[in-house]
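Line by line, the protein sequences give chains R and W. So the first sequence is residues 110 to 486, counted in our numbering. So the second sequence is residues 110 to 486, counted in our numbering. Ideal Cβ positions, reconstructed from N, Cα and C, are used throughout, including at glycine.
Protein chains: 2
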Amino acid sequence: MEAAWPSRRGGVTMDAIGGQMDTITDMSTRLIRKEVDEALWAFVDRQRPGLLAISDELGPMVSALDALLSGGKRLRPAFCYWGWRGAGGPAGAPGIVTAAASLELLQASALIHDDVMDSSDTRRGQPSAHRRFEAMHREQGWPGAAAPFGAGAAILLGDLCLAWSSEMYESAALDAAGLGRGRAVYDLMRTEVMAGQYLDMLEGTRDTGTVETALRVVEYKSAKYTVERPLHLGAALAGGSTEVIESLSAYGRPLGVAFQLRDDVLGVFGDPAETGKPAGDDLREGKRTVLIALTLERADAAAAAAVRRRLGDPALDDAGVAGLRAIIEETGGLAACEAMIDRYAAEAAAALDAAPLTAEAREALGELTIAATARRV
Amino acid sequence: MEAAWPSRRGGVTMDAIGGQMDTITDMSTRLIRKEVDEALWAFVDRQRPGLLAISDELGPMVSALDALLSGGKRLRPAFCYWGWRGAGGPAGAPGIVTAAASLELLQASALIHDDVMDSSDTRRGQPSAHRRFEAMHREQGWPGAAAPFGAGAAILLGDLCLAWSSEMYESAALDAAGLGRGRAVYDLMRTEVMAGQYLDMLEGTRDTGTVETALRVVEYKSAKYTVERPLHLGAALAGGSTEVIESLSAYGRPLGVAFQLRDDVLGVFGDPAETGKPAGDDLREGKRTVLIALTLERADAAAAAAVRRRLGDPALDDAGVAGLRAIIEETGGLAACEAMIDRYAAEAAAALDAAPLTAEAREALGELTIAATARRV
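Here you go:
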């Protein structure tokens, strides 16, 4: 799962990176959400007529994409943009926002396909794409099975988003040399996230996960993909030096891990209003997260058996979710995961302090660090 | 389904485009298969180490891709190449073969996802990608269900192929202006084929198909995608004039329809050694092809009911397949489909005669016309 972003942040505690307390009053500036949204909708609006000209029966594809793109926190575009700025790229260039926003289409593709693979019902507080198409099939009373139709349509919509992400990237008003440098990062990132998702599936299916193997999945499936590569993409587009690129890795890698671990904790303990998914959904889906691996490492035989029995049970009810939560807390799994988040976030913050970036980018990335990893209570 | 290409062609009758008899002795030259294979394997060989460096557990992804890419007739790259040559592009440019060969990765993605959506067991004479991963899951004795693992892994492999197709295209040693012109065609083609596949699913699920609606699916899902757009891509890369592009449409559109109708006939009546699929597989999958629509148009109530009852029955046995074949022949559906193929192929041949292309390209495309549409008995 991935947490939905609250539309208005009332305050985020800073204790994840050092025990201090502070309040972020205007994260939206750092997330450049308005600019990213404008670029994203401008692209989708340009594609819409072409699709509907093929057939007006493609309307449901467009609606499903609109619904998905209405949510999401635009974290990857923000990291891309601040990678650009950090490497000295100018603030006013419109091309960078287009290139950055294209990452949302890549992410949309990954989410749509992920939800098919996990049979997830919900995404960003709404029905997942395949459930949406499934419901349409039922409402229309078409013959045949609704579920394969829903899955098939969602596979195609995810393919379309993947194709459109590169189309949008290439449409960015940036110089050809920059786009070429960025393309190498984009290519790498796509291969990494797909490889990471395969390893994640392996991890989930084999039931032999350790903290180490779960962390390897986190590295490729989400840490590099969510933070390090978007930063690199921005820096590459701006022609950042090797030193800048390396400093962004030193910051982005641990931050990406901390972000995913926070996401895993939210997936079990988070408020559905924030995560956009029913409470306990990650447990029902049987995700073999680092949090679960830390719990199993600490659990006695009876507790471990209870985790293994309940994890991945699609019929897990509220009491079952509460029972699993209790085990994750009582074994010390949760505390160990929070401690890991703190360590990785602190490592990221230290690397950021030492990074040869522009002052404004360093400040913005400092705020994103907190936003991506802080406890939300 | 899509027919596998015989590794060695013993002779193809020309009667599909005018009743003459002739033999094509060296189709492989026109298909530039050797050159396309070299470019394709060079690209995959460059990607392999990066994937395995992430984890050697990604080996099965690589093997599944290798197996799929070993088959296929490389028809799209051939049309792209001859579109280039037809528009005056030089014979010796290595970049054009790379760009053309990238279409095989796009096609691999489409086939892998199509097989998941159709639950197909076989592709190009081998197990489909999802069945391959499913078998691996079973052989390893992993806990959990094998089928969702197989489908999930295949969805990811298809995504990887789609990402790699654009990566390979962009890697072609061609000038930036040409690649930009070609990219516009590539983008359009991807959107069209995904839209066409969605319309195909709608067609299959609603059971209200007519010849007209089946032909619309053919247009986007396969005619444009297989012939017209690959020709356009090559011509755009070569900087072909509007006149050349339009003449390639006049030739490619009817040829693409004729090609798909031939493929549909082969899907029902073809030799499994040639199609790479068990006899009657298209009938078991319930494909609502033009051939089926032509049959239903001509069938009396009893025959129509028999078609509707048997079509899409996964348990359809040899007798059931033979029964459906008999109805398709006896109603005149097959003859009507053959007549349509002849008409479209003749239209393509006439357009080719009038097209302002180089003589060599016209000759090569003439041979590809026959190869793509001729009866194979």
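Can a CB atom of chain R be found closer than 8 Å to the CB of Y329(W)? In the second sequence, residue 329(W) corresponds to position 220, counting from 1. When Cβ-Cβ separations below 8 Å define contact, Y329(W) makes contact with chain R.
Taking Cβ-Cβ distances shorter than 7 Å, what residues in chain R pair up with F258(W)? Position 149 of the second sequence, counting from 1, holds the residue named residue 258(W). Those within 7 Å of F258(W) in chain R are M310, T314.
Taking CB distances under 8 Å as the criterion, tell me whether L474(R) reaches chain W. The residue given as residue 474(R) occupies position 365 in the first sequence. So, not an interface residue.
Taking the beta carbon of G305(W) as the centre, do at least 16 other beta carbons fall within 10 Å, making it buried, or is it exposed? By one-based count along the second sequence, residue 305(W) stands at place 196. G305(W) comes out buried.
What three-state label does DSSP hand T231(R) in the structure shown? Residue numbering aside, residue 231(R) sits at position 122 when the first sequence is read from its first letter. In this structure, T231(R) counts as strand in the three-state DSSP scheme.
Which residue wins for smallest C-alpha separation from L184(R), given the options L140(R), S356(R), S237(R), A454(R)? On the first sequence, position 75 is the one that residue 184(R) refers to. Among L140(R), S356(R), S237(R), A454(R), the Cα nearest to that of L184(R) is on L140(R).
Beta-bridge pairing of P236(W) - partner residues as DSSP gives them: In the second sequence, the residue the question calls residue 236(W) occupies position 127. T231(W).
Could you work out which residue in V430(R), L375(R), L425(R), L443(R) is closest to L405(R) when comparing CA atoms only? Within the first sequence, the letter at position 296 stands for residue 405(R). The shortest Cα separation from L405(R) among V430(R), L375(R), L425(R), L443(R) belongs to L443(R).
Segments assigned beta strand (DSSP E), at least 3 residues, entirely inside the stretch 227-307 of chain R: Segments of the beta strand (DSSP E) lying fully in the stretch 227-307 of chain R: there are none.
Helix, strand or coil: how does DSSP classify L474(W) here? Residue numbering aside, residue 474(W) sits at position 365 when the second sequence is read from its first letter. If DSSP states are grouped into helix, strand and coil, L474(W) belongs with the helices.
Where do the ends of the alpha helix (DSSP H) carrying S172(W) lie? For the purposes of this step, residue 172(W) is taken as residue 63 along the second sequence, with counting starting at 1. Counting along the chain, the unbroken alpha helix (DSSP H) around S172(W) starts and ends at 168-178.
I need the boundaries of the alpha helix (DSSP H) containing I141(R), first residue and last residue. For this step, residue 141(R) is matched to residue 32 along the first sequence. Careful: I141(R) lies outside any alpha helix (DSSP H) and carries neither H nor E.
Counting only beta-carbon atoms, is E166(W) nearer than 8 Å to chain R? Residue 166(W) sits at position 57 when you count from the first residue of the second sequence. Yes, contact with chain R.
The alpha helix (DSSP H) spanning P381(W) covers which residue range? In the second sequence, the residue the question calls residue 381(W) occupies position 272. 381-384 is the extent of the alpha helix (DSSP H) around P381(W).
Euclidean distance between Cα positions of L217(W) and G259(R): For the purposes of this step, residue 217(W) is taken as the residue at position 108 of the second sequence. For the purposes of this step, residue 259(R) is taken as the residue at position 150 of the first sequence. Correcting the residue identity first, residue 217(W) is Ala in this sequence and not Leu. Straight-line Cα distance between these residues: approximately 22 Å.
Interface residues of the stretch 226-254 of chain R facing chain W [CB-CB below 7 Å]: M226, H246, W251, P252, G253
I'd like to know whether the C-beta of S275(R) is nearer than 8 Å to at least one C-beta of chain W. Working through the first sequence from its first residue, we reach residue 275(R) at position 166. Interface residue, yes.
Use the C-beta contact count for D135(R): other C-beta atoms within 10 angstroms, 16 or more gives buried, fewer gives exposed. Your numbering for residue 135(R) matches position 26 in the first sequence. Any reading at D135(R) must be qualified, since the residue scores a pLDDT of 48, below 50, and its modelled position is unreliable; no value is offered.
Report the residues of the stretch 359-381 of chain R with a CB closer than 7 Å to any CB of chain W, ordered along the chain. Residues are counted here when their Cβ sits less than 7 Å from a Cβ of chain W; for the stretch 359-381 of chain R the count is zero.
Under the rule that 16 or more other beta-carbon atoms within 10 Å means buried, what is T322(R), buried or exposed? For the purposes of this step, residue 322(R) is identified with residue 213 of the first sequence, where counting begins at 1. By the beta-carbon neighbour count (other beta carbons within 10 angstroms, threshold 16), T322(R) is buried.
Where does E352(W) land, buried or exposed, given buried means 16+ other C-beta within 10 angstroms? To locate residue 352(W), count along the second sequence from 1; it is residue 243. It is exposed - the Cβ of E352(W) has fewer than 16 other Cβ atoms within 10 Å.
Nearest-angstrom beta carbon gap, G168(W) and T314(R) [assumed within contact, 8 Å]: By one-based count along the first sequence, residue 314(R) stands at place 205. By one-based count along the second sequence, residue 168(W) stands at place 59. That belief does not hold up - the Cβ atoms of T314(R) and G168(W) are roughly 16 Å apart, past 8 Å.
Using a threshold of 8 Å, state whether the C-beta atoms of L461(R) and R452(R) are closer than that. Looking up residue 461(R) in the first sequence gives position 352. Looking up residue 452(R) in the first sequence gives position 343. Cβ atoms of L461(R) and R452(R): not closer than 8 Å.
Which of the three DSSP states is assigned to R194(R) in this structure? For the purposes of this step, residue 194(R) is taken as the residue at position 85 of the first sequence. It is helical.
R233(R) and G389(R) closer than 8 Å at C-beta: For the purposes of this step, residue 233(R) is identified with residue 124 of the first sequence, where counting begins at 1. For the purposes of this step, residue 389(R) is identified with residue 280 of the first sequence, where counting begins at 1. Judged by their CB atoms, R233(R) and G389(R) are not nearer to each other than the 8 Å cut-off.
Can you list the residues of chain R that H222(W) reaches, using a CB-CB cut of under 7 Å? Here the question's residue 222(W) lines up with position 113 in the second sequence. Near H222(W) (Cβ distances below 7 Å), the residues of chain R are I264, D268.
Does T300(R) have its Cβ less than 8 Å from a Cβ in chain W? Taking the first residue of the first sequence as position 1, residue 300(R) is located at position 191. Taking Cβ atoms only, chain W reaches closer than 8 Å to T300(R), which makes this a yes.
Taking 7 Å as the limit between beta carbons, can you name the residues of its chain near V92(R), skipping five residues before and five after? No answer is possible for residue 92(R): it lies beyond the span of chain R, which begins at 110 and ends at 486.
Of all Cβ atoms in chain W, is any one closer than 8 Å to the Cβ of L212(R)? Within the first sequence, the letter at position 103 stands for residue 212(R). It does not: the Cβ of L212(R) has no partner Cβ on chain W nearer than 8 Å.
Supposed contact pair F188(W) and L346(W) - C-beta distance, whole angstroms, cut 8 Å: As a first step, residue 346(W) is located in the second sequence; it is residue number 237 there, counting from the start. As a first step, residue 188(W) is located in the second sequence; it is residue number 79 there, counting from the start. Between L346(W) and F188(W) the beta-carbon gap is near 13 Å, outside 8 Å, which marks them as no contact.
Evaluate contact between the stretch 206-222 of chain R and the stretch 356-363 of chain R, counting only Cβ atoms and requiring at least three cross-stretch pairs below 8 Å. no
Kindly say whether L271(R), judged by its beta-carbon, lies nearer than 8 Å to any beta-carbon of chain W. Sequence index remark: in the first sequence, residue 271(R) carries index 162 (1-based). Cβ-Cβ to chain W under 8 Å: yes for L271(R).
Closer than 8 Å to chain R by CB, E279(W): Numbered from its first residue, the second sequence carries residue 279(W) at position 170. So, interface residue.
Would you give the residue range spanned by the alpha helix (DSSP H) that A457(R) belongs to? Numbered from its first residue, the first sequence carries residue 457(R) at position 348. Its alpha helix (DSSP H) spans residues 442-463.
Any beta-carbon of chain R closer than 8 Å to the one on Y334(W)? Walking along the second sequence from the start, residue 334(W) turns up at place 225. By this cut-off, Y334(W) is not an interface position.
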